[in-house]
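What follows is a short report on a single structure.
Protein chains: 2
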Amino acid sequence: MAIIVQKFGGSSVKDADHLRNVAGIITEAYDKGNSIVVVVSAQGDTTDDLIEKAAELNERPSKREMDVLLSAGEQISMALLAMTIEKMGYPVISLTGWQAGVKTTSKHGSAGIKNIDTERILEELDKHKIVIVAGFQGISKYDNITTLGRGGSDTSAVAIAAALKAELCQIYTDVDGVYTADPRIVKNAHKLDEISFDEMLELATLGAQVLQNRSVEIAKKYNVNLEVVSSLTKAKGTKVVEVTKMEKMLIKGVTKDTSIARISVVGVADVPGIAFRIFDLLGRKDINVDIILQSIGREGTKDMTFTVSAADADYAAEALHESELLKDKKILVDKDVAKVSIVGAGMETHAGVASRMFEALYDAGINIQMISTSEIKISVLIAKNDADRAVIAIHDKFEL
Amino acid sequence: MAIIVQKFGGSSVKDADHLRNVAGIITEAYDKGNSIVVVVSAQGDTTDDLIEKAAELNERPSKREMDVLLSAGEQISMALLAMTIEKMGYPVISLTGWQAGVKTTSKHGSAGIKNIDTERILEELDKHKIVIVAGFQGISKYDNITTLGRGGSDTSAVAIAAALKAELCQIYTDVDGVYTADPRIVKNAHKLDEISFDEMLELATLGAQVLQNRSVEIAKKYNVNLEVVSSLTKAKGTKVVEVTKMEKMLIKGVTKDTSIARISVVGVADVPGIAFRIFDLLGRKDINVDIILQSIGREGTKDMTFTVSAADADYAAEALHESELLKDKKILVDKDVAKVSIVGAGMETHAGVASRMFEALYDAGINIQMISTSEIKISVLIAKNDADRAVIAIHDKFEL
Numbered sequence: 001m002a003i004i005v006q007k008f009g010g011s012s013v014k015d016a017d018h019l020r021n022v023a024g025i026i027t028e029a030y031d032k033g034n035s036i037v038v039v040v041s042a043q044g045d046t047t048d049d050l051i052e053k054a055a056e057l058n059e060r061p062s063k064r065e066m067d068v069l070l071s072a073g074e075q076i077s078m079a080l081l082a083m084t085i086e087k088m089g090y091p092v093i094s095l096t097g098w099q100a101g102v103k104t105t106s107k108h109g110s111a112g113i114k115n116i117d118t119e120r121i122l123e124e125l126d127k128h129k130i131v132i133v134a135g136f137q138g139i140s141k142y143d144n145i146t147t148l149g150r151g152g153s154d155t156s157a158v159a160i161a162a163a164l165k166a167e168l169c170q171i172y173t174d175v176d177g178v179y180t181a182d183p184r185i186v187k188n189a190h191k192l193d194e195i196s197f198d199e200m201l202e203l204a205t206l207g208a209q210v211l212q213n214r215s216v217e218i219a220k221k222y223n224v225n226l227e228v229v230s231s232l233t234k235a236k237g238t239k240v241v242e243v244t245k246m247e248k249m250l251i252k253g254v255t256k257d258t259s260i261a262r263i264s265v266v267g268v269a270d271v272p273g274i275a276f277r278i279f280d281l282l283g284r285k286d287i288n289v290d291i292i293l294q295s296i297g298r299e300g301t302k303d304m305t306f307t308v309s310a311a312d313a314d315y316a317a318e319a320l321h322e323s324e325l326l327k328d329k330k331i332l333v334d335k336d337v338a339k340v341s342i343v344g345a346g347m348e349t350h351a352g353v354a355s356r357m358f359e360a361l362y363d364a365g366i367n368i369q370m371i372s373t374s375e376i377k378i379s380v381l382i383a384k385n386d387a388d389r390a391v392i393a394i395h396d397k398f399e400l
Numbered sequence: 001m002a003i004i005v006q007k008f009g010g011s012s013v014k015d016a017d018h019l020r021n022v023a024g025i026i027t028e029a030y031d032k033g034n035s036i037v038v039v040v041s042a043q044g045d046t047t048d049d050l051i052e053k054a055a056e057l058n059e060r061p062s063k064r065e066m067d068v069l070l071s072a073g074e075q076i077s078m079a080l081l082a083m084t085i086e087k088m089g090y091p092v093i094s095l096t097g098w099q100a101g102v103k104t105t106s107k108h109g110s111a112g113i114k115n116i117d118t119e120r121i122l123e124e125l126d127k128h129k130i131v132i133v134a135g136f137q138g139i140s141k142y143d144n145i146t147t148l149g150r151g152g153s154d155t156s157a158v159a160i161a162a163a164l165k166a167e168l169c170q171i172y173t174d175v176d177g178v179y180t181a182d183p184r185i186v187k188n189a190h191k192l193d194e195i196s197f198d199e200m201l202e203l204a205t206l207g208a209q210v211l212q213n214r215s216v217e218i219a220k221k222y223n224v225n226l227e228v229v230s231s232l233t234k235a236k237g238t239k240v241v242e243v244t245k246m247e248k249m250l251i252k253g254v255t256k257d258t259s260i261a262r263i264s265v266v267g268v269a270d271v272p273g274i275a276f277r278i279f280d281l282l283g284r285k286d287i288n289v290d291i292i293l294q295s296i297g298r299e300g301t302k303d304m305t306f307t308v309s310a311a312d313a314d315y316a317a318e319a320l321h322e323s324e325l326l327k328d329k330k331i332l333v334d335k336d337v338a339k340v341s342i343v344g345a346g347m348e349t350h351a352g353v354a355s356r357m358f359e360a361l362y363d364a365g366i367n368i369q370m371i372s373t374s375e376i377k378i379s380v381l382i383a384k385n386d387a388d389r390a391v392i393a394i395h396d397k398f399e400l
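Sequence order for the protein chains is Y and U.
Sequential numbering of the first sequence, starting at 1, is according to this note's numbering.
Sequential numbering of the second sequence, starting at 1, is according to this note's numbering.
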């Protein structure tokens with residue numbers, strides 16, 4: 001019997017009507033003779049509500065207790081979904097992260113999945129039950145509850161699909177696939193039938209909120225048969241595949257990411273090892289750095305500029321200030337920035353892609369602060385206010 | 001170092017202000033050099049809200065999934081309380097039922113505690129942490145989440161105190177002790193300094209909502225040093241002790257229980273074994289029967305009348321209807337009833353206690369439907385509408 005993993009996000013289970021709709025999708029797949037494992041997120045705004053409750057009591061709670069708090073969200077939604085399916089007369093059981101054997105690292109708030117002990121899930125599937133697993137959560141070797149970070153339910157779903165060698169992993173969302181740009185920003189954005197793992201990875205990393213990037217990495221590594229589909233329409237979704245078929249289109253999509261910040265360290269000594277020491281320091285604090293720019297400053301000094309996620313910005317600046325090396329240096333933090341990127345395989349073999357992107361921005365009067373390129377993407381850092389206009393201008397320029 | 005177990009109910013942790021108040025009580029006891037284990041219920045109306053959400057989807061969800069759902073409530077409150085204590089700069093950790101080693105039977109919805117594996121709690125106490133444990137919940141041998149039934153957090157607290165051989169188990173409530181009657185009904189009700197386990201047990205069983213009866217049973221069995229105290233005032237609470245000192249007062253309190261129902265089976269054959277078969281049937285369905293009354297019916301038949309908890313009433317009636325023995329019998333269910341009781345040790349050696357109680361009801365014009373007595377209590381079943389008047393009349397009669 002084929003195992004299908006279906007993942008439903010918070011907006012797909014936000015209330016009784018949505019839960020009934022999702023229960024319909026699940027039982028339809030079950031009726032076709034498949035073994036169904038469902039991965040579910042917390043309902044709608046539950047996570048935000050819980051974060052708000054915590055903030056009222058402690059503006060910087062420990063990440064361990066935050067994980068205890070937030071993991072209750074999926075526990076509620078999985079139980080409610082199970083009850084909805086029970087009501088339809090189907091055999092079903094819900095499992096928390098620890099019950100489902102999701103073993104993670106001990107890094108609270110953004111734990112990585114180490115392995116999935118599938119014994120309990122397989123036992124329940126053998127009893128012909130629909131198995132609902134709480135997404136986003138797991139358990140560390142110390143028996144503490146961990147969470148995988150925002151969007152971690154995608155990662156849970158793909159990791160479970162990989163561990164079960166599932167035939168298919170379906171990510172249900174409120175959009176019906178992967179688009180060339182956010183349809184809420186770009187009106188003539190259109191849906192892709194297929195996208196490669198690498199392209200999806202760049203899109204995810206660059207802020208397209210369809211799939212969490214770690215989930216795509218795992219899907220690529222274990223070659224999970226992945227698709228993004230709508231929980232609201234019967235429209236065909238987007239398949240994420242190893243290599244896409246011959247493509248007319250070079251550029252797969254335009255994305256923006258507004259949850260980043262730019263940090264500048266001004267006037268550090270122009271001697272070897274400075275860059276290493278700055279980024280080693282940040283690395284040890286678990287702060288991921290994205291675009292890096294080093295420029296010549298005045299009188300034998302240089303300026304280091306880089307981007308981090310907005311959530312890490314103050315923490316990063318604080319860590320730099322506290323270091324012996326930089327304690328007397330000026331450290332600037334700018335959160336009014338956005339990263340806009342284009343993604344497409346084979347981009348590096350096509351001359352002129354970058355210049356067309358820059359031309360689009362020039363025509364729209366948008367200033368570029370930083371540039372970063374890879375084999376399959378080009379990113380620019382611009383003012384946050386310009387982000388939507390930039391996405392539209394680029395999308396138009398490439399006639400996506 | 002002395003271990004103190006402190007239990008806080010839902011109303012004591014209902015919002016940020018109450019959580020801060022409770023955190024103050026906990027850290028004060030910790031500052032005195034005690035090892036503190038806190039047992040906490042779900043916040044305020046959380047449990048009722050979750051039950052309502054479930055009812056919208058399935059009017060009869062499985063008890064297993066209901067336990068998954070409801071146990072999220074304590075997980076939220078324990079994390080929030082931990083964060084509040086962190087904010088005050090104290091070392092603290094929260095543990096769910098399964099993390100704290102609370103092993104229960106598999107009877108979802110009203111599981112019994114089998115044993116508590118205290119290893120993790122002791123490990124955290126050794127690290128000088130304040131340990132917060134989710135009340136009301138545990139784990140079955142099949143690794144499923146169970147709950148102990150309403151009010152089960154008291155039971156959690158006393159069982160943990162017994163397992164840890166704690167010096168003291170404090171049950172914090174929004175009243176400041178055990179009263180001779182519900183102070184909201186009887187204005188001149190007064191607080192008892194001491195009450196015996198047996199008297200407390202009768203009061204709890206009879207509907208005084210201060211302590212859950214199973215918690216008192218465990219406290220009695222393991223001789224746990226138990227006290228009921230206020231989380232809002234510094235007033236002295238009520239100690240629950242093995243044997244109370246010489247008492248002037250015979251009657252310890254008047255209680256009412258309105259969450260019961262009366263079931264009558266009319267016209268069963270007047271032959272041996274009928275009562276056994278009815279109550280054996282209910283026993284196998286896990287329905288507890290309280291007062292039983294058997295009366296002579298017409299023409300060689302008899303009527304059996306008994307009380308069950310209101311929540312079990314329809315289920316009980318259905319089970320009786322479905323039995324071969326009673327399928328053509330008339331089965332009446334009346335939920336508009338209340339049980340009013342007086343409790344006091346040595347009652348059976350004092351003549352006239354029952355008649356004074358009945359006189360009080362007669363004077364108030366209240367009709368008695370059923371009567372039940374034990375060594376230390378007398379209960380009457382009356383119309384629900386009369387319950388508060390009955391409590392006041394009896395309290396006045398005995399000049400409590």
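Every residue gets a Cβ at the ideal spot worked out from N, C-alpha and C, and that includes glycine.
Bear in mind the structure is a predicted one, so any value in this text is a computation, not a measurement.
For a cut-off of 8 Å, the C-beta gap from U/Val39 to U/Val133 is around 5 Å, short enough to register as a contact. Under DSSP, U/Met370 forms a beta bridge with U/Leu381. Comparing alpha carbon positions, the residue from Y/Val353, Y/Glu375 and Y/Ala383 closest to Y/Gly365 is Y/Ala383.
If one requires a minimum length of 3 residues, the beta strand (DSSP E) runs lying completely within the region 302-361 of chain Y are 330-343, in chain order. For Y/Ile130, the pairing in a beta bridge is given by DSSP as Y/Val92. The C-beta distance from Y/Leu148 to Y/Ser94 rounds to 18 Å, too long to fall under 8 Å, and the pair is not in contact. Against Y/Thr84, the close residues of chain U are Leu57 and Asn58, in the order they occur along the chain (beta-carbon pairs closer than 8 Å).
Neighbours of U/Ala345 in chain Y, taken as residues at a C-beta separation under 7 Å, are lacking, since the least C-beta distance is about 44 Å. Identification of chain U residues near Y/Val68 by a Cβ-Cβ cut-off of 8 Å yields Gln75, Met78, Ala79, Ala82, Ser94 and Thr96, ordered along the chain.
Between the alpha carbons of U/Asp182 and Y/Ser35 lies a distance of about 55 Å. Between the beta-carbon of Y/Ser41 and that of Y/Glu74 there is about 6 Å, and that keeps the pair under the 8 Å contact cut. Cβ proximity to chain Y below 8 Å picks out Leu50 from the region 23-50 of chain U.
Annotated as distal: U/Leu70 and U/Ala23, with beta-carbon spacing of 8 Å or more. Nearest CB-CB separation between Y/Asp143 and chain U: below the 8 Å threshold. Annotation: the continuous alpha helix (DSSP H) that includes Y/Gln75 extends over Lys63 to Lys87. Of all residues in the region 113-130 of chain Y, the ones placed with a Cβ closer than 8 Å to any Cβ belonging to chain U are Arg120, in chain order. Leaving aside the five residues that flank Y/Ala159 on each side, the residues in its chain whose CB is nearer than 7 Å to its CB run, in chain order, Ile113, Ile116 and Ile218. By the CB criterion at 8 Å, U/Glu199 and U/Val343 fall inside the cutoff. In the pairwise beta carbon analysis, the region 367-385 of chain Y is classified as not touching the region 7-22 of chain U: fewer than three pairs are separated by under 8 Å. Among the residues of chain Y, those whose CB is under 7 Å from the CB of U/Pro61 are Met83 and Glu86, following chain order. Secondary structure of Y/Asp270 (DSSP, three-state): coil. Of all residues in the region 184-200 of chain U, none comes within less than 9 Å of chain Y when Cβ atoms are compared. Not flagged as an interface residue toward chain U: Y/Gln137, since no C-beta distance is shorter than 8 Å. Under the three-pair Cβ rule at 8 Å, the region 267-283 of chain U counts as touching the region 292-306 of chain U. In the three-state reduction of the DSSP assignment, U/Glu194 falls in the strand class, which pools E and B.
Under the DSSP assignment, Y/Tyr172 falls in the beta strand (DSSP E) whose first and last residues are Leu168 to Thr173. DSSP, reduced to helix, strand and coil, places U/Thr27 within a helical segment of the structure shown.
Segment contact: the region 224-233 of chain U against the region 251-264 of chain U, fewer than three CB-CB distances shorter than 8 Å; contact not assigned.
Relative to the Cα of Y/Gly135, the nearest Cα in the group Y/Glu124, Y/Glu123 and Y/Ser156 belongs to Y/Ser156. Taking a Cβ-Cβ cut-off of 7 Å, U/Lys103 has no neighbours in chain Y, whose nearest Cβ is about 15 Å from it. Residue environment: U/Ser355 is assigned as exposed (fewer than 16 neighbouring CB atoms within 10 Å of its CB, all protein chains considered). Straight-line spacing of the CA atoms in Y/Ala360 and Y/Thr255 works out to 15 Å. Following the DSSP letters along the chain, one finds U/Gly138 inside the beta strand (DSSP E) bounded by residues Gln137 to Ile139. Taking 8 Å as the cut-off, the beta carbon of Y/Leu203 is found no closer than this to the beta carbon of Y/Ile291. U/Asp67 has its alpha-carbon roughly 15 Å from the corresponding atom of U/Lys141. Using a Cβ-Cβ cut-off of 7 Å, Y/Lys53 is close to Leu80 of chain U, given in chain order.
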